[in-house]
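The sequence shown lines up with residues 82 to 536 when you count with the numbering used here.
Note that the Cβ used here is the ideal one computed from N, Cα and C, for glycine as well.
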Amino acid sequence: MFSELDPVMLARVQFGANITFHILFPTISISLAWVLLFFKLRFNKTGDARWMAAYRFWVKVFALTFALGVVSGITMSFQFGTNWPGYMETVGNIAGPLLAYEVLTAFFLEATFLGIMLFGTRRVSNRVHTVATLLVAGGTTLSAFWILALNSWMQTPAGFEMIDGRAHATDWLAVVFNPSFPYRLVHMLLASGLTVAFLVAGISAYRWLRGDRAPEVRSTLRTGVVLAAVLIPLQIVAGDLHGLNTLHHQPAKLAAMEGIWKTGKGAPAVLFGLPNASTRSNDFEIAIPKLASLYLTHSLDGEIRGLDAFGERHPPVAPVFFAFRIMVGMGLLMLAVSWLAAWQTRRGREPRRWLARALMAMTFSGWVALVAGWYVTEVGRQPYLVYGVLTTAQAASKVPATMIGSTLVMYLTLYAALIAAYVSVVFYLARKAGEADAQADIPRGMMPSHFRSAQ
82 MFSELDPVML ARVQFGANIT FHILFPTISI SLAWVLLFFK LRFNKTGDAR WMAAYRFWVK
142 VFALTFALGV VSGITMSFQF GTNWPGYMET VGNIAGPLLA YEVLTAFFLE ATFLGIMLFG
202 TRRVSNRVHT VATLLVAGGT TLSAFWILAL NSWMQTPAGF EMIDGRAHAT DWLAVVFNPS
262 FPYRLVHMLL ASGLTVAFLV AGISAYRWLR GDRAPEVRST LRTGVVLAAV LIPLQIVAGD
322 LHGLNTLHHQ PAKLAAMEGI WKTGKGAPAV LFGLPNASTR SNDFEIAIPK LASLYLTHSL
382 DGEIRGLDAF GERHPPVAPV FFAFRIMVGM GLLMLAVSWL AAWQTRRGRE PRRWLARALM
442 AMTFSGWVAL VAGWYVTEVG RQPYLVYGVL TTAQAASKVP ATMIGSTLVM YLTLYAALIA
502 AYVSVVFYLA RKAGEADAQA DIPRGMMPSH FRSAQ
């Protein structure tokens, strides 16, 4: 069945499936930890029981998400040895230390204080529990820092030299703070925040539609939509700056994103088209003249290098082209829904039912935009694994296509089941949330008189 297929392509699909599944969960845990800290601080400041109720519910979602993120990360790391031995052989002197820094700093920090965060509300003082939540949130962000430093280095390698076919760091600051790292870090953290904002708003809308009028439901819904409304304009600006960085350092990827086949001045912005590799043009193209040159070079007559400037050394155009438009389209939809929801829920107003349904439908919209964006990033780097240093084919193992294909089927089946189970459990927790005891797990040191009844 798989013997006639290209083993390198199968290995790429398998790793793509693994990283797609994995990234869904850290994206949530990174920002959800900070949202939990916000709930905790609001409770500490106001004594309002609704914020502690919100914390109790969402910490369960965090625990589930964190567990799946850790397990899927372990599976993904195995593939460096099984499918991509050439990667660690060539750049292991750089990739290895960066991965080790993540384990020695972020993972140990999370592992040390996660138990206190999850189970310590009645076992430690309220102050200690708050600090533990803060440290776990910091640990998740620190983990993202190191992983994105490595990923960005693979996109825009710097601070190294090649000796006998192996990369050796000459400047670790240049390695970590490589040209694309600041843009990618900000872009990813904002994407994480938006994913969590719509998750919180969507689940809260689901509870509200089911008739759950617990005080925390309206508060968390409002928190989610306001967070989304604030972050989405920042994400648009960050995305634009990231695109300009890509134009400078990875022009072939940028040309594929924009669907620009020929180098020229006054490049149009292609709104829609069907990239045709055989004719090296876009079929059924709908474009706005000169707009791409305007927003990429800030000049109507600015020159943009097309795919013709790179010969065959450019990524597959169609996946990058369509993934980029899915990401942008979802971002614009998130902008419209979040701003409308923030306006309609101002001053404690209840959302209209159609708006609540829209928010519920967009509960996991952040995942769609996130995965599309990462496909632009990773597929757009092809044919390189480390841009300009190591090609994907050079890093691939000699594992037969049949073995890769059979494990790919198992991975896809398992991941589909786990994603379905995760979504089901999150909505199950939402259905059961209204039945929870409002006074359960009152933090130690907080007297009942400190609580104010929800109005």
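Starting from the Cα of G347, find the closest Cα among P370, P481, L466, T301 and give me that residue.
In the sequence shown, residue 347 corresponds to position 266, counting from 1. The shortest Cα separation from G347 among P370, P481, L466, T301 belongs to P370.
What does the alpha-carbon distance come out to for the pair E537 and G220?
The chain is shown only over 82 to 536; residue 537 falls outside these bounds and no answer can be derived.
Where V94 sits in the DSSP three-state scheme:
Within the sequence shown, the letter at position 13 stands for residue 94. The answer is helix: DSSP assigns V94 an H, G or I state.
Look at the Cβ atom of L275, then the Cβ atom of A309, and state whether they are nearer than 9 Å.
Position 194 of the sequence shown, counted from the start, is the residue given in the question as residue 275. Position 228 of the sequence shown, counted from the start, is the residue given in the question as residue 309. Yes; because the gap between Cβ atoms is below 9 Å, this pair is in contact.
If you count every other CB in all the chains shown that lies within 10 Å of the CB of V351, and 16 or more means buried, which is it?
For the purposes of this step, residue 351 is taken as the residue at position 270 of the sequence shown. So V351 counts as buried.
Could you tell me which residues DSSP puts in a beta bridge with P356?
Here residue 356 refers to the residue found at position 275 of the sequence shown. According to DSSP, which records beta bridges pairwise, P356 is partnered with N363.
Give every residue of the same chain whose Cβ lies closer than 7 Å to the Cβ of T101, excluding the five residues on either side of it in the sequence, and list them in chain order.
Locating residue 101 in the sequence shown gives position 20, where the first residue counts as 1. Once the five neighbours on either side are set aside, the close Cβ partners of T101 are V452.
Alpha helix (DSSP H) segments (min. 4 residues) lying fully within the region 202-275:
207-236, 253-257
For L375, report the span of its alpha helix (DSSP H) as first-last.
On the sequence shown, residue 375 is found 294 positions in, with the first residue counted as 1. 372-378 is the extent of the alpha helix (DSSP H) around L375.
May I have the straight-line CA-CA distance separating V460 from H330, to the nearest angstrom?
On the sequence shown, position 379 is the one that residue 460 refers to. On the sequence shown, position 249 is the one that residue 330 refers to. Each residue's alpha carbon lies about 16 Å from the other.
Assign D129 to buried or exposed, taking buried as 16 or more other Cβ atoms, counted over all protein chains shown, within 10 Å of its Cβ.
Against the sequence shown, residue 129 aligns to sequence position 48. D129 should be labelled buried.
How about I109 and S273: do their beta carbons lie closer than 9 Å?
In the sequence shown, residue 109 corresponds to position 28, counting from 1. In the sequence shown, residue 273 corresponds to position 192, counting from 1. In this structure, S273 lies closer than 9 Å to I109 by Cβ.
Have a look at G387 and V217 and give me their C-alpha separation to the nearest angstrom.
If you number the sequence shown from 1, residue 387 lands on position 306. If you number the sequence shown from 1, residue 217 lands on position 136. Rounded to whole angstroms, G387 to V217 spans 45 Å at the Cα level.
L145 versus E384 - alpha carbon distance:
Start at 1 with the first residue of the sequence shown, and residue 145 comes out as number 64. Start at 1 with the first residue of the sequence shown, and residue 384 comes out as number 303. In a straight line, the C-alpha of L145 is about 49 Å away from that of E384.
Can you tell me the Cβ-Cβ gap for L568 and G340, rounded? I've got them flagged as a contact below 8 Å.
Because the chain spans 82 through 536 in this model, residue 568 falls outside it and cannot be assessed.
With three or more beta-carbon pairs closer than 8 Å as the criterion, would you say the region 463-477 touches the region 299-317?
no
Go ahead and label L113 buried or exposed: buried means 16 or more other beta carbons lie within 10 angstroms of its beta carbon, across all protein chains shown.
The sequence position of residue 113 within the sequence shown is 32, counting from 1. So L113 ends up on the buried side.
Sub-9 Å separation of V467 and P238 beta-carbons:
As a first step, residue 467 must be located in the sequence shown, where it is residue number 386. As a first step, residue 238 must be located in the sequence shown, where it is residue number 157. Yes, the pair counts as a contact, with Cβ atoms nearer than the cut-off.
Pair every Cβ in the region 280-299 with every Cβ in the region 255-268, then say whether three or more of these pairs are closer than 8 Å.
no
Three or more C-beta pairs under 8 Å: does that hold for the region 242-256 against the region 162-182?
yes
Straight-line gap, A181 to D364 (C-alpha atoms, nearest Å)
Residue mapping note: residue 181 aligns to position 100 of the sequence shown, counting from 1. Residue mapping note: residue 364 aligns to position 283 of the sequence shown, counting from 1. Each residue's Cα considered, the two are about 47 Å apart.
Residue of P432, S446, R434 minimising C-alpha distance to V409:
Your numbering for residue 409 matches position 328 in the sequence shown. Comparing Cα positions, the closest option is S446.
If you compare alpha carbons, which of G150, R288, I228 is closest to L496?
Mapped onto the sequence shown, residue 496 falls at position 415. For clarity, residue 496 is Tyr in the given sequence; the question names Leu instead. Among G150, R288, I228, the Cα nearest to that of Y496 is on G150.
Cβ separation of A135 and F120, assumed to be a contact under 8 Å, to the nearest whole Å
Within the sequence shown, numbered from 1, the residue matching residue 135 stands at position 54. Within the sequence shown, numbered from 1, the residue matching residue 120 stands at position 39. Confirmed, Cβ separation roughly 5 Å.
Assign N353 to buried or exposed, taking buried as 16 or more other Cβ atoms, counted over all protein chains shown, within 10 Å of its Cβ.
Residue numbering aside, residue 353 sits at position 272 when the sequence shown is read from its first letter. First, the amino acid is wrong: residue 353 is Phe here, not Asn. It is exposed - the Cβ of F353 has fewer than 16 other Cβ atoms within 10 Å.
Can you tell me the Cα-Cα spacing of Y264 and H323, whole angstroms?
If you number the sequence shown from 1, residue 264 lands on position 183. If you number the sequence shown from 1, residue 323 lands on position 242. Approximately 5 Å between the Cα atoms of the pair.
Measure the Cβ-Cβ separation of Y287 and A439 and say whether it is below 9 Å.
For this step, residue 287 is matched to residue 206 along the sequence shown. For this step, residue 439 is matched to residue 358 along the sequence shown. Contact flag unset, no.
Would you check if the distance between the CB atom of I197 and the CB atom of R208 is smaller than 9 Å?
Taking the first residue of the sequence shown as 1, we reach residue 197 at position 116. Taking the first residue of the sequence shown as 1, we reach residue 208 at position 127. Cβ atoms of I197 and R208: not closer than 9 Å.
Locate the beta strand (DSSP E) running through V480, then write down its first and last residues.
On the sequence shown, residue 480 is found 399 positions in, with the first residue counted as 1. Run containing V480: none; DSSP gives neither H nor E here.
V184, enclosing beta strand (DSSP E) - first and last residue:
Counting from 1 along the sequence shown, the entry for residue 184 is found at position 103. From DSSP, V184 is part of no beta strand (DSSP E); its letter is neither H nor E.
In chain order, what residues of the same chain have a beta carbon less than 8 Å from the beta carbon of F96, not counting five sequence neighbours either side?
In the sequence shown, the residue the question calls residue 96 occupies position 15. Closer than 8 Å at the Cβ level, and outside the excluded window around F96, lie M157, Q160, N164, W165.
Measuring only the C-alpha atoms, how far is E170 from A514?
Reading the sequence shown from its first residue, position 89 is the one you call residue 170. Reading the sequence shown from its first residue, position 433 is the one you call residue 514. If I take the Cα positions, the gap works out to 50 Å.
Using the three-state DSSP reduction, which class does D389 fall into: helix, strand or coil?
Here residue 389 refers to the residue found at position 308 of the sequence shown. Helix.
If you count every other CB in all the chains shown that lies within 10 Å of the CB of H379, and 16 or more means buried, which is it?
Along the sequence shown, one-based indexing puts residue 379 at 298. By the 10 Å Cβ count, H379 comes out exposed.
Identify the continuous alpha helix (DSSP H) that holds V409 and give its terminal residues.
On the sequence shown, position 328 is the one that residue 409 refers to. First-last of the alpha helix (DSSP H) with V409: 398-425.
According to the neighbour-count rule (16 or more other Cβ atoms, all chains shown, within 10 Å of its Cβ), is P529 buried or exposed?
For the purposes of this step, residue 529 is identified with residue 448 of the sequence shown, where counting begins at 1. Residue confidence is low: P529 scores 41 on pLDDT, short of 50, so the model does not pin down where it sits. No coordinate-derived value is stated.
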